[in-house]
Structure formats: structure tokens, C-alpha cells
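Working notes, beginning with the structure itself.
4 protein chains.
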Amino acid sequence: MRIGILTAGGDAPGMNAVIRAVVRSAEREGHEVIGIKRGYKGLIEGDFIKLTSRDVGGILDRGGTILLSSRDPRYKKLEYREKAYKNLNEQGIEALIILGGEGTLAGAKLTAEETGIPVIGVPCTIDNDVGGTEYCIGYDTALRNAVDAIDKIRDTASSHERIFIVEVMGRNRGFIAVEAGLATGAELILIPEERFPREQIPEEIEKAKKLGKLHFIIVLAEGYCRAKELEDFLLEKIGDKYGEIRSTVLGHIQRGGIPTHFDRIMGTKFGVVAYESLIAGERSGFVAYEKGKFYIEDFEKAQEYKPIDREAYKLNTRLAI
Amino acid sequence: MRIGILTAGGDAPGMNAVIRAVVRSAEREGHEVIGIKRGYKGLIEGDFIKLTSRDVGGILDRGGTILLSSRDPRYKKLEYREKAYKNLNEQGIEALIILGGEGTLAGAKLTAEETGIPVIGVPCTIDNDVGGTEYCIGYDTALRNAVDAIDKIRDTASSHERIFIVEVMGRNRGFIAVEAGLATGAELILIPEERFPREQIPEEIEKAKKLGKLHFIIVLAEGYCRAKELEDFLLEKIGDKYGEIRSTVLGHIQRGGIPTHFDRIMGTKFGVVAYESLIAGERSGFVAYEKGKFYIEDFEKAQEYKPIDREAYKLNTRLAI
Amino acid sequence: MRIGILTAGGDAPGMNAVIRAVVRSAEREGHEVIGIKRGYKGLIEGDFIKLTSRDVGGILDRGGTILLSSRDPRYKKLEYREKAYKNLNEQGIEALIILGGEGTLAGAKLTAEETGIPVIGVPCTIDNDVGGTEYCIGYDTALRNAVDAIDKIRDTASSHERIFIVEVMGRNRGFIAVEAGLATGAELILIPEERFPREQIPEEIEKAKKLGKLHFIIVLAEGYCRAKELEDFLLEKIGDKYGEIRSTVLGHIQRGGIPTHFDRIMGTKFGVVAYESLIAGERSGFVAYEKGKFYIEDFEKAQEYKPIDREAYKLNTRLAI
Amino acid sequence: MRIGILTAGGDAPGMNAVIRAVVRSAEREGHEVIGIKRGYKGLIEGDFIKLTSRDVGGILDRGGTILLSSRDPRYKKLEYREKAYKNLNEQGIEALIILGGEGTLAGAKLTAEETGIPVIGVPCTIDNDVGGTEYCIGYDTALRNAVDAIDKIRDTASSHERIFIVEVMGRNRGFIAVEAGLATGAELILIPEERFPREQIPEEIEKAKKLGKLHFIIVLAEGYCRAKELEDFLLEKIGDKYGEIRSTVLGHIQRGGIPTHFDRIMGTKFGVVAYESLIAGERSGFVAYEKGKFYIEDFEKAQEYKPIDREAYKLNTRLAI
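Heads up: the sequence lines are chains R, Y, X and C, in that order. At position 205 of the first sequence (counting the first as 1) the number is 205 in full-length UniProt numbering, and the numbers step up by one without a gap. At position 19 of the second sequence (counting the first as 1) the number is 19 in full-length UniProt numbering, and the numbers step up by one without a gap. At position 122 of the third sequence (counting the first as 1) the number is 122 in full-length UniProt numbering, and the numbers step up by one without a gap. At position 123 of the fourth sequence (counting the first as 1) the number is 123 in full-length UniProt numbering, and the numbers step up by one without a gap.
This is the structure in C-alpha cells:
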């Protein structure tokens, strides 16, 4: 069998582990793997490359994706998808493994339906917000990066007894904010899912300062509001009464770096399950991980709302005293 | 209520997160926490210290244990335990939270039985080998340390095209070896649970070299054999035919360093569950984590044999090609 | 002798190494050290604390400053300085060691002149811009932080073939930008000291893309212009013709984290020299480091313009091909 | 001009930065660079590969050496060198740049003398023991690795109040031991250059324990004695009177990992100087760095004894109180 593989949307650390696992599993059993470059863009433009076990040597600990990635809105139009399908056909690609977030998996679903060839998705996104699966590749590394950064900021926040707003990724969701906040003992976590009233923040700061805390760190998911906005609000309300107010946006550093052992191991397992499912006859769906088990889930599930760990969120409030 | 807390046996990164969670949860609800220093030693010798929320500030990201730890064989003798119980009584300690591995939890069980006061254990050991719970605090950080070290060794192994034996912790068990090996793409993993025949190793090395691999890394759990022994065996069998042979013992660096976000978060959760179980009336058992759930498990379970992830072990063999 | 010590202005990793070295050197020879909290603020407000060898144990590898820091503009006014001098007198402080950047050292100079007690400065600033000394404590750690962050960004920049603007600290100076750019092989470094014409940037990007580079990373000192401004300029000029354009501001993460071995060693040496100079009878000046030698430099020198390593800047241009 | 480049002896982090700088500098000015694989072995066996600017992209932050390395004693024999010279001649190689430690530079000297072609050496060794130059590429990264490891060990040493012996690299020299000891505040540093009397160690331990120190860390250069030997000696003399005694050998992890910013920057500068010296007509010698300046030094100098920083050694003794 000739299997195509692509990575689309935002890159996620651990994608290379998935690619390596697919290529080596397939080669071992006599199948061929074709890398498609830059996600759906390469599918449309026919940018293909053969991948062997040696090509994926030494990539387990590399961030990003060796296949490159992009967001190509053209894939939403039938005319471009048909172009892509023609390329698949010409290259003799009989099955696809597609890595990415929910947008990418929606494209994978369409592709499975319209081509009739088996398509298996692998949820990869640092936002961890794909429905139907506890874990998405890249999240653990993003969390490590956010925690490393907040640890650093705490040093300077303490030395200057500052109120510090740290904006982490999460356009609509608070996954990174909740766990990074809990891991760093942040004084306050602000997420879109639990709209802590902005007006109460000054009171929280006052309470903490009375307890003798040197700093007050707010971990803010970008989906709650932007850091600058909150900084301005607090400046207006409390000025520097409880210490200077500073804000920082962690941004793209959350996305890179050497993948954690967890993302390398999970990436490897997700990749193997994707490959084995294909071989076992699966025709459509994505690899999901729940309670220690891997299985293939319907593509629709990926779009479902995935709740955050509300317990963890509450826990932090209780412990940040 | 006055709650005593102690850490015994080998220290594990994340113990401080457990201590912090217990102290802050208790103080919030009006209970008092007494730290017992150096594990059972401090219990016998009456080395107690009051812990407040401020005392546990800034310890979430510190390795080791602020309560200090030791192995004190005297606690196996009734006369010393009675001395300890007298101390508990005099201090008015009405409940205990005890952190450590299986040996420590065995002591906790005895204490619960003999004193009649509630005793809750928290499994903390980098070996991850306590039965009845998927996870033990400290394991994730130890894994990170092992993986970081193997990543470094691979650089030099590749440059010199060497065969490298890296001995990781695991006196009887292969937990660290299997996952560290998988995360680093080790060419071979040797663990006590799966006795890969030593005689076949030269053959594996030959195969890998024929595939064009620059290095051959063996991740060895100390329970399989010691690094030096394997090095001598290979030297005798193959000399430097396939590259120079080197070995290294990671040792105590696996135990230290800033706890990972996972150990900080899990430590916090384990600590909260330990405290809440006490308050809810639990009288004996340890906090266990299985398939995303926390609960109290009987102390006996801690001594049960906990199987390694055999799938992960096999996976590595298949992918290291 | 009773020696006062304070840290003022922006905190710098390695300040704790200086404090430790002063306290331990002094205690060893029978002198006493008084810590003054929050810089000149604590001097004005009389916030003093005795420091012993044990108080400075375990701080060598801690970021920030255990003495806390602040910027207190009141110290520019004579009435507040007189209040401070009164405090010094009352406390029996016979000499001062003052850690900080050029603003802080200007205050140290005034203090020496007006009180007549010996005052020794230690240049500490991540900007490395104090005149008269090759090195300022904190710069090496800031550089490590910036390089770590750019390494991470490069992963995602490559995967998406993006043009990435990374803004690093340096309000008026390009020290961090030049060395961080050189260490990461940035495609372009923009600093206030060498005003590379903005209009030529699109051309540079085109050249690099023609050479087959996947990404184009611009390391930008904030003193050249702000990241957003450059992003907007490039968007207007070239849109996404050569790849998407992104920008990120590293901000405060540059300031924190475990001090590097270099800052710990240099901090220790600066601290010892400061102490020994006092004992040897120096009355005014700051510790300078040039070409492997430490000596006491006049305070005026601190305000002099310190040139960047122009060779390094040019080197990068030549090698980024 | 066609320039050959090779890396020999122990690999050192930052060698890739040197290679990149040479290749890009040369290509820019129309010269060609030929990589010789596995050091002198590749020279003897004619294992050559063309290197272009693209081949050295993305290697700045990679440990080890992309050219591979080895120790080949055959190069000490004229017959093999003549074979090598024939290869050089056949390949039209007109000049050589050779990276390595003092052994490697001795080979470079011979090659320059016997072939008459220009040969420039670059001192690369984590031991930092090449004479005539303050700095050798790789030392800073090795130091970082050693300090990271000792920081980790201190966590567990403190928690168990242990005496810990940490053996670092340095067969004949104490460079790493002195600076790693100073950066971590080790209680004792043992190096071959200053034979601290073994009999006095128990006394030092007693003193520290009386001061209230939780741990006692000995940083031991392997050239003083081996860790096991010292452990046995201390066990015999003091048993566990002052805490349990443990030892660990850092070994090869000191050699690997992402090169520090300093090794990347210095590697780049050493490489450029090597190339430019060749172009400027230098015929024999190695790049040396002293007091902020780079120049070409006679090969003989490399063999000279280079003193350690005795001040730093003494400093540590004074501050470890």
C-alpha cells in the first residue's frame, strides 16, 4: 500500500514523532509512505516526497514538522479539492494519514467522503481542544514552555513585588491557562470558560498582598481578554497601589522547542495506532485517546466542545492563598 | 484537627507540591499541619515543626522535600514505633499524611493499625512501582531527566559512531527504561521484566549498523544488569567491530531538578485528595490514580506487582529500525 | 565594620551571587552585613535586615534578588537622601555596596560624595550597557533566555516558512540583539547603533528565500523600532509574498530563570572584589571587568557610552547566507 | 581555493558552529570547502564530501560534529600520513582547517610541516586544556552540563543531608571542577593541580555540618582520584557519622546537548578567524583567544601547560562556609 501523510494548520511539537512512527511501521511491513508538503497546499499543488526509515532518523526530538505546514483556505473549495484528488490518484496514493487540529480534521473528513480512500486523522494542536480525545499532540510541550516562562517571570515579579499578567495561548479555550496556572501556583487564572468578574480582581489582589505575597501573577488565556486590555483596566482601577502592573504575551515560544518525552511517546503511539488502523481496514476517523486507551473516533466528534478540567481551575483558587 | 505530614525513603520531585497542597487546604479550613522531619526518624525522635501557608510559598518548583527524608530501619521495630506514637500523642496529632514509596507505605499501614488514628499515604517514588496506582509522584521528572541525559549522549554517540550503554534507575523494574528508551528512540531497551537474551545483542547491533545507523544506544534498567557488566560482555564478544563501546550510569541526577509541570500538578492533586479524604473520614489507605480518577486504595495494594507497559516496550523494538 | 548592601533598578540574575559573596566574605573576617530592602526605597524608609552566611545559603542559583528591588525617584531629591543618610547613621552603617545599572550607580556616586562613607558599586543589568566595564551581571542569563526563545521560534518559523520578527530588550542598545542574533544565526539583526535601512529589508528577505531558506528571522532590539511597527511596515511592502509575517516580543522572560554558571561565577567574583576593595580602603567607584582583570573604576565612567561588538554584528550579516 | 576541514578526537559542542562559519565564509568569497569525515581516519581513507552553505544550515544549535570524529592512532605513522597526503593531493585540497584538542593539533602541525600546504587549527575540547589560548570550543557547554547536573544532585543531597561526591571530567586538569564547583557553591573542590590532602576532608565535613549545612558536595576532577576510591576512603574514615555518603560520575552527559550561546558565538568567531587567516596567507598555527583578541599562535604552544584559575579555586574555599 502507498500511504500519504501530511501536517496542516498550526505546527505542534511531536508531529515528527507521529511521522516517524508511521513511516517506520509502514516500511517494516512493506508499505510505502509519501510525504505531502505544507499540508493541503501540497496536496493541491502536488508537492510529494518519498519518506524512508532513514529520512525520519533523528527527528524524534525536533520541534515543528519536517513536512512543513500551512493553512490553505482553498481546500474548502471543491475545485481545489478535485485538483488534490487528481494528484492523489496520479501518485497512486491509496490511503491518507492527516495530522492537525479540528479545522484540519474537518478537511480530512471531507477527503474521506469525497475520495472514498481511507483517511485517518491524528489530533495535533497545542490548544488541546479537539473533541472526542483527552489528548492532542503538542499540548504537553506547550504547557512546559508556558510553565518555564512563568517560572522566569515570577523571579522578576517577586523581586519587584509586581502584579504580572501573563497571556498564554487559547483563543477560545483555557486548557493551557488552567494547567500552567496550577503548575506555577498563579494567584489568578482567567479563562473564557469561567468568566471571573473583572471587577473582582482588585479585591483578590488586595487579599493576596495582605497575606504577605510578594507578587501577584495572573495567567490569562487570550480568549478571556488581551493582556494589554486587562493591564489598562487594572491601572485605571488600582494604579500602583499594590505594586507596579506589568503584562507580557508569551506568543509563539509556546509552540516550539524540543518536544517533551510525553509528546514524543504519545506522538509515537498515535502514529502507530493510525497506521495499524489503516492496515486493519479503518476507512474514516481520527485516533482518540481516553482513559489510557486508543481507538478510532468519528470525525464529527472532533468538532464537539471539550470541557476543561473545572476541578483543576477551582483547585488553584483554593490553593493560591 | 491537627494533621502530621512526613516524607520518607528516596526523595521524589513533586513531594513539595503535595506538602503545599495539604498545608494550604488544611489552613483554609481551620486545621493545623505539623511537619515531621526526616520521615520516620523525626517521628521517633519527635522532630516536629508547624507549617503555615507562608512556609510552603515558593516550593512548588523546588526539587527534593522541604521536610527532609531518610530511611530509618528502626521503625520496623515495635519499641521505636511506640516511641513515635507517644510523640504523636503528646503533640496532639490526630491524623497523618505520609509520602513515599512502597516501603514507606508499609510503615504507614502499620501506623494506622497500631495507633488507630487515620493515616493516608501518597505514593511518591521516581521508580513508579507502587502497586494499585498508575502514577507515583516524581516519575515524570525522573523520566525528563533521563531523556535529557540520553539526548545529550546521543550527540556524542553519533559523532563517534559508538555503541552506548546508558544505565537508568530501576532496581527491579523497567518503568524509566521503557519510556525513556521510547522517547529517545533507543536502539535497544533492556529491562528485568523482559529478559532480552544477552547473546542476541551483537546481532541487533550488526543489523542496525547495516541499516546505516550512526550510533547504537542501549537503555539499560539497572535491574537487568549493571552497565559495566554489559560493556565487558560486549567488548569480549564484538570488540570495536561496530564502533567503540562506552557505558555511563545516570545515577542521582535522575532524582533532582525542577519538578515538571506534570509532577507539580499531580502532586497538588494527590495532596488535595489526601487531605479531603481525611476530612471525609477515611481512616487508612493511600491515594491512587487510575484512568483519570483519584480514590483511596487499601495499603496492601501498594505491595502488588505493577506491570510495565509491554506494548510500549515492543513498540520501541519495531520502530528502532 | 558594618556594611550595608542594596539592589536597585531592574533586577538582574546573578545579583544573589554578589550578595552571597559579600556576606560570606565579610562574616569570615568578622564584619557585619546589613541588607537594605527594595533599593533606595529601603534606604529612605529605613527597611534594614541583618544578613548572615546562613541567610545567603541556597541563593546562588536563584533568579531575581532576595533583597528586592525598586526604582525610587525620590532618591534624586536631597531631602530624601538626607533622610536615608540619617538612617545609615542611626544603623551605624560605615560602608555601602550598591548593585544596579547606570541610574543606580549615579545614585551611589552621590551617596559617596554626600556622606563621605565608602561606597562601592557593582554593575548589574541585563542590558550590559554600563560604561567602563566589559561585563554587567545578568547579561549572560538574559542572552541565554533570548537564545532559548529564538531557538523555539525557529522551529515554528521553519515549519510555516515564515518571516519572524523577534523583539528583544535593549531600549537604546543592541547588546542582546547582536549576540542573540549571532548565536541563533538570525537572518537579520536590527539595532539602534547601526540603523540598517528599513527599506532594504524586503530585498534581504527576497535574497534569502532565493537561497532556499525556509524562514527569515529578524532579531530586533526594541531601540530600533517596536516589533508591531516593523510588522506593519513589512506587511504593507511585501504582504505574504515571501511567507506569512509574524512578530513576538520576548519581554520579561529575558530577565528571569536560573542564573547561568557565568553569572554565578562572575557575580561571585564581582562581590568578592567589591568587598575586598572596601577593606583595602577604596572610598568610591564601581567594580569593573576588562580583559580578564577586575579593578575599581570611577563612577563617572559608568555613564560613558559603551560600544557594541561591531565585528559580531557584521559577522552575522556575512554568515546568514 | 579548495579548503579541507576535519574534526578529530573527542567531539566538542560548538564544532558545528566552526564548520558553518568556515563553509559560509569561504563560499561567499568563491572558495570551496571539502569535509573530511571522522578526522584523520577520513583523511587516510579518502572519505571526503563537498560542503555548501545549505549543508551547514540548521547546525548551529546541534551538539557533536556533522563531520563525525574519531581517534586514529595510525596518523602517527608516516606511511599512513603519506596515504593521507596523497588523498589531499588527488582531491586538489590546497589548505586545511583542523578542529580538536592538543593531540589533534599535534597532528595538524605535522601535516603542515610535511605537506607544505597551509594548515590552521581550531582548539576544540571540553577540557579547555590547550595551551596558548584562554578558551577552547566546547568548554562552556560542558560546564553548563556539569552545573545543571550538580544543581540536580544538590536537591536530593539536601533532602537526605548527604555527603555527595560528584566526579566531573578532567583527566589531568581541574578546569571544569573549579568553575562548576564555584558556580554551584560546592563545599569542596578536588583537583589534580592542588592536591588538597585527603586526610583533611573529614575535618572539612565536620566543620560544615557544625555550621548547619544540610549537605556537603564535593566536586571531584577525575584526575585527583576516582569517585569510588574517595567514597571508600570516606566510608572507612567517617562512615555515616555526618550523613550518608554517595558518589556519582557525570561522564558523557558533559559532552552533549545544545551548545550554549557562548560556544555558538565563539565557534563562529574561531571559524571566521581560521578562514580569514588562511586567506591572509597564514601557513601554520592555531586560532588562539586571549584577553578579547583572536590571533594565530604557533602549534607548539598548544602543548604548553595552561594553568587553572587558582584565584577561583581559593575563592570557593572561602565562600563555602
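The C-beta atom is built at its ideal place from N, Cα and C for all residues, glycine as well. Source: prediction; values computed, not measured.
Test: S53(R) CB closer than 7 Å to a CB of chain Y: In the first sequence, counting from the first residue as 1, residue 53(R) sits at position 53. Chain Y, which has a Cβ nearer than 7 Å to the Cβ of S53(R), makes this yes.
Compile a chain-ordered list of the residues in the region 264-284 of chain R whose CB is closer than 8 Å to at least one CB of chain Y. The region 264-284 of chain R vs chain Y, Cβ under 8 Å: R264, I265, T268, K269, V272.
Do you know offhand how far I165(X)'s Cα is from Y224(R)'s? For this step, residue 165(X) is matched to residue 165 along the third sequence. For this step, residue 224(R) is matched to residue 224 along the first sequence. Their Cα atoms are separated by approximately 26 Å.
Simplified DSSP state of A280(C), which is helix, strand or coil: Translated into positions along the fourth sequence, residue 280(C) becomes position 280. Here A280(C) sits in coil by DSSP.
Run of the alpha helix (DSSP H) containing T104(Y), from where it starts to where it stops: Locating residue 104(Y) in the second sequence gives position 104, where the first residue counts as 1. From DSSP, the alpha helix (DSSP H) with T104(Y) extends over 102-115.
A183(Y) touches chain R at which residues, Cβ-Cβ below 7 Å? Numbered from its first residue, the second sequence carries residue 183(Y) at position 183. Per Cβ cutoff of 7 Å: H261, R264, I265.
Counted within 10 angstroms of its Cβ, other Cβ atoms place D240(X) as buried (16 or more) or exposed: Counting from one through the third sequence, the residue named residue 240(X) turns up at place 240. Label assigned to D240(X): exposed.
Residues near A12(C) in its chain [Cβ-Cβ closer than 7 Å; skip 5 each side]: To locate residue 12(C), count along the fourth sequence from 1; it is residue 12. For A12(C), the CB contacts under 7 Å within the same chain, skipping 5 residues up- and downstream, are C124, T125, I126, I137, G138 in chain order.
Tell me, please, whether the CB atom of residue 327(Y) is closer than 7 Å to any CB atom in chain R? The requested residue 327(Y) does not occur in the structure, where chain Y is confined to residues 1 to 321.
Mind checking who I192(X) pairs with in its DSSP beta bridge? By 1-based counting over the third sequence, the position of residue 192(X) is 192. Rather than Ile, the amino acid found at residue 192(X) in this sequence is Pro. DSSP, once it has assigned bridges, lists no residue as partnering P192(X).
Are the CB atoms of I36(R) and G10(R) within a distance shorter than 7 Å? Residue numbering aside, residue 10(R) sits at position 10 when the first sequence is read from its first letter. Residue numbering aside, residue 36(R) sits at position 36 when the first sequence is read from its first letter. Against a cut-off of 7 Å, the Cβ pair of I36(R) and G10(R) comes out as no contact.
Who are the near neighbours of G267(X) in its chain, counting only those whose CB is closer than 6 Å to its CB and skipping five residues on each side? In the third sequence, counting from the first residue as 1, residue 267(X) sits at position 267. Excluding residues within five positions, the ones whose Cβ falls inside 6 Å are G14, A17, V18, I137.
Comparing alpha-carbon positions, which option in G256(Y), A8(Y), K293(Y), A302(Y) lies nearest M169(Y)? For the purposes of this step, residue 169(Y) is taken as the residue at position 169 of the second sequence. Minimum Cα distance to M169(Y) is reached at G256(Y).
Should D155(Y) be flagged as near chain C, meaning a C-beta pair shorter than 7 Å? In the second sequence, residue 155(Y) corresponds to position 155, counting from 1. Yes, D155(Y) lies at the interface with chain C (some Cβ there is under 7 Å from its Cβ).
Tell me the DSSP secondary structure of T7(R) in three-state form. Here the question's residue 7(R) lines up with position 7 in the first sequence. T7(R) falls in the strand class under three-state DSSP.
Flag this pair as yes or no: are the beta carbons of V272(X) and V287(X) separated by less than 7 Å? Sequence index remark: in the third sequence, residue 272(X) carries index 272 (1-based). Sequence index remark: in the third sequence, residue 287(X) carries index 287 (1-based). The Cβ atoms of V272(X) and V287(X) do not sit closer than 7 Å to each other.
Just how far apart, CA to CA, sit I258(R) and V119(R)? In the first sequence, counting from the first residue as 1, residue 258(R) sits at position 258. In the first sequence, counting from the first residue as 1, residue 119(R) sits at position 119. Rounded to the nearest whole angstrom, the CA to CA distance from I258(R) to V119(R) is 29 Å.
Distance, A21(R) Cα to I201(Y) Cα: Taking the second sequence and counting its residues from 1, the one referred to as residue 201(Y) is at position 201. Taking the first sequence and counting its residues from 1, the one referred to as residue 21(R) is at position 21. Rounded to the nearest angstrom, the two C-alpha atoms are 23 Å apart.
Which residue wins for smallest C-alpha separation from G64(R), given the options L278(R), D263(R), L315(R)? Position 64 of the first sequence, counting from 1, holds the residue named residue 64(R). Checked all of L278(R), D263(R), L315(R); the closest Cα to G64(R) is D263(R).
By alpha-carbon positions, which one of S158(Y), I296(Y), D140(Y) ends up nearest to I97(Y)? Start at 1 with the first residue of the second sequence, and residue 97(Y) comes out as number 97. It is I296(Y) whose Cα lies nearest to the Cα of I97(Y).
Using the Cβ count rule (16 or more neighbours within 10 Å means buried), how would you classify L6(Y)? Start at 1 with the first residue of the second sequence, and residue 6(Y) comes out as number 6. So L6(Y) counts as buried.
Applying a beta-carbon distance threshold of less than 7 Å, which residues of chain C neighbour E160(Y)? Taking the first residue of the second sequence as position 1, residue 160(Y) is located at position 160. Note on residue identity: the sequence assigns His, not Glu, to residue 160(Y). Per Cβ cutoff of 7 Å: D11, S69, S70.
Report yes or no: is there a C-beta of chain R within less than 7 Å of the C-beta of K76(X)? The residue given as residue 76(X) occupies position 76 in the third sequence. Judged by the 7 Å Cβ criterion, K76(X) is not in contact with chain R.
Is DSSP giving G267(C) helix, strand or coil here? For the purposes of this step, residue 267(C) is taken as residue 267 along the fourth sequence, with counting starting at 1. Three-state result, G267(C): helix.
My output table needs one value for T133(Y): the three-state DSSP class, helix, strand or coil. Here residue 133(Y) refers to the residue found at position 133 of the second sequence. For T133(Y), the three-state secondary structure derived from DSSP is coil.
Between the C-alpha atoms of D155(Y) and R62(C), what's the straight-line distance to the nearest angstrom? Counting from 1 along the second sequence, the entry for residue 155(Y) is found at position 155. Counting from 1 along the fourth sequence, the entry for residue 62(C) is found at position 62. If I take the Cα positions, the gap works out to 8 Å.
Buried or exposed (CB count within 10 angstroms, at least 16 for buried), A280(X): Within the third sequence, numbered from 1, the residue matching residue 280(X) stands at position 280. Exposed.
Three-state class that DSSP yields for T141(R) in the structure shown: For the purposes of this step, residue 141(R) is identified with residue 141 of the first sequence, where counting begins at 1. Three-state DSSP puts T141(R) in a helix.
How is the beta strand (DSSP E) around V178(X) delimited, first residue to last? Within the third sequence, residue 178(X) is the residue found at index 178, counting from 1. It is not in any beta strand (DSSP E) - V178(X) instead sits in the alpha helix (DSSP H) that spans 175-184.
What's the C-alpha gap between G39(R) and E45(R)? Numbered from 1 along the first sequence, position 39 holds the residue referred to as residue 39(R). Numbered from 1 along the first sequence, position 45 holds the residue referred to as residue 45(R). Linking G39(R) to E45(R) through their CA atoms gives a straight-line distance of about 10 Å.
Contact criterion: CB-CB distance below 7 Å. Does D61(C) meet it with respect to chain X? Locating residue 61(C) in the fourth sequence gives position 61, where the first residue counts as 1. Yes, D61(C) lies at the interface with chain X (some Cβ there is under 7 Å from its Cβ).
Validate contact between the region 74-89 of chain C and the region 101-117 of chain C using beta carbons, cut 8 Å, 3 pairs: Contact between the region 74-89 of chain C and the region 101-117 of chain C is present, because at least three Cβ pairs lie under 8 Å.
Where residue 407(Y) and L235(Y) are concerned, what is the direct C-alpha to C-alpha distance, given to the nearest angstrom? No answer is possible for residue 407(Y): it lies beyond the span of chain Y, which begins at 1 and ends at 321.
DSSP three-state call for A320(Y): helix, strand or coil? Within the second sequence, the letter at position 320 stands for residue 320(Y). If DSSP states are grouped into helix, strand and coil, A320(Y) belongs with coil.
Contact set for D140(X): own chain, Cβ-Cβ below 6 Å, skip 5 residues either direction: Residue mapping note: residue 140(X) aligns to position 140 of the third sequence, counting from 1. Correct list, in chain order: T260, F262, D263.
For the region 187-258 of chain R, which segments carrying the alpha helix (DSSP H) assignment without a break, of at least 4 residues, lie completely within its bounds, in sequence order? Those alpha helix (DSSP H) runs which fall completely within the region 187-258 of chain R and span 4+ residues are 201-210, 227-238.
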